[in-house]
Amino acid sequence: MTIPRQFNNVVYRHPTQVNGKKSNIIDHMSILETKLRNEIVRTARQIAQNGLSRSSDGNLSARLSENRILITPAGAYKAWLQPDQIVQIDLDGNLCSRLSSNQPSSEYLMHLAVYRHRPDVKAVIHAHPPLAVALTLIGQPFPSDLVPEGLTALGDVPTVPYARPGTAQMGEQLLPYLANHDVLLLDHHGSLTVGKTLEEALIKLERLEAIAQLWMLARKVGELLPLPEIERAALRGSLSAS
Ligand SMILES: [Zn+2]
Numbered sequence: 000m001t002i003p004r005q006f007n008n009v010v011y012r013h014p015t016q017v018n019g020k021k022s023n024i025i026d027h028m029s030i031l032e033t034k035l036r037n038e039i040v041r042t043a044r045q046i047a048q049n050g051l052s053r054s055s056d057g058n059l060s061a062r063l064s065e066n067r068i069l070i071t072p073a074g075a076y077k078a079w080l081q082p083d084q085i086v087q088i089d090l091d092g093n094l095c096s097r098l099s100s101n102q103p104s105s106e107y108l109m110h111l112a113v114y115r116h117r118p119d120v121k122a123v124i125h126a127h128p129p130l131a132v133a134l135t136l137i138g139q140p141f142p143s144d145l146v147p148e149g150l151t152a153l154g155d156v157p158t159v160p161y162a163r164p165g166t167a168q169m170g171e172q173l174l175p176y177l178a179n180h181d182v183l184l185l186d187h188h189g190s191l192t193v194g195k196t197l198e199e200a201l202i203k204l205e206r207l208e209a210i211a212q213l214w215m216l217a218r219k220v221g222e223l224l225p226l227p228e229i230e231r232a233a234l235r236g237s238l239s240a241s
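In numbering that gives the first Met the number 0, the protein residues as written are 0 to 241.
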């Protein structure tokens, strides 16, 4: 008997567990799928709670297998997301869900571009963090070198040229940046953070917004004083060595 995973009072039981119909292969898959569905929900709620995406904005996904992902559905209000709303698709974009009749997020092509080109990536978060996105509205490059954690944990954060949300062009625009960056800003739109886990991608997203906030606070009260160049170079080196 498999045990339902529980995170922050979110419990999801796969129908095969509820009905007591078991097969070892399905149960094995359902444990991972159940775990990832719960993690996506927990992460989506955290993003909503922290104001990093509002309304139905943003979308999250996690790699279920080499060729399949779980992704949030189109139009869902993320703070109220439920595990059974999450959609399973393959890397060609075909629906494979056994559970959900929802359609995948309209921005699924962007997620697929990441998974196709970065086999190491297991989780993708696209959010609309207001302060980080505001930088793109004024053409301000992201100030990774403002504080040490920007250089050591995020590295350089490029701003990807604008592409209309939901179009294939969005995924194509990412391609030149994907190989060397885990954190991207999308011009006049949002952010993209990737990682080996949803937690890793979420930590990068929160850090991105925190540094954008610091930049704005500092700009209000005075002139920005950069870290010494020798220190910035050393911190950049520690990122590439990690
Ligand atoms: Zn978006």
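Every residue, glycine too, gets a C-beta built ideally from N, C-alpha and C.
Please state the DSSP three-state secondary structure of residue i.
i, result
"G221", "coil"
"G170", "helix"
"Q81", "coil"
"S22", "Low confidence applies to S22: its pLDDT is 47, below 50, so where it sits in the model is not reliable, and the reading given next is rough at best. The answer is coil: DSSP assigns S22 none of H, G, I, E or B."
"L69", "strand"
"L191", "strand"
"Q48", "helix"
"D56", "coil"
"P227", "coil"
"D144", "helix"
"T135", "helix"
"V113", "helix"
Should residue i be labelled buried (16 or more other beta-carbon atoms within 10 Å of its own) or exposed?
i, result
"A200", "buried"
"W214", "buried"
"Y11", "Residue placement at Y11 is poorly supported in this model, since its pLDDT is 44, which falls under 50; the coordinates still yield a value, given next. Per the 10 Å Cβ criterion, buried."
"A167", "exposed"
"D181", "buried"
"S237", "exposed"
"I85", "buried"
"L216", "exposed"
"H187", "exposed"
"G170", "buried"
"P72", "buried"
"I24", "A caution first: I24 carries a pLDDT of 48, below 50, which makes its placement in the model too unreliable to give a value."
"I229", "exposed"
"I137", "exposed"
"G221", "exposed"
Give every residue of the same chain whose Cβ lies closer than 8 Å to the Cβ of residue i, excluding the five residues on either side of it in the sequence, and list them in chain order.
i, result
"L174", "A112, H116"
"S55", "G74, A75, Y76, K77"
"I46", "S52, G57, L59, K77, I124, A126, L201, L204"
"R231", "D144, L150, P225"
"K219", "none"
Tell me whether the beta-carbon of residue i lies closer than 9 Å to the beta-carbon of residue j.
i, j, result
"P147", "L223", "no"
"L90", "P103", "no"
"S60", "V132", "no"
"L184", "L207", "yes"
"L63", "L108", "no"
"A211", "P128", "yes"
"K195", "D119", "yes"
"S96", "G165", "no"
"P142", "L130", "no"
"Q242", "R67", "The structure shown does not extend to residue 242, since the chain is modelled only from 0 through 241, so no value can be given for it."
Residues in the same chain with beta-carbon distance under 7 Å from residue i, minus the five sequence neighbours each way, listed in chain order, please.
i, result
"Q172", "V159, P160, A162"
Please work out which residues of its chain come closer than 6 Å, Cβ to Cβ, to residue i, disregarding the five sequence neighbours upstream and downstream, and give them in chain order.
i, result
"E38", "L197"
"W79", "none"
"N7", "Because N7 carries a pLDDT of 40, less than 50, the predicted location of this residue cannot be relied on, and the following value inherits that uncertainty. If we look at N7 and ignore the five residues flanking it on each side, its Cβ neighbours are R41."
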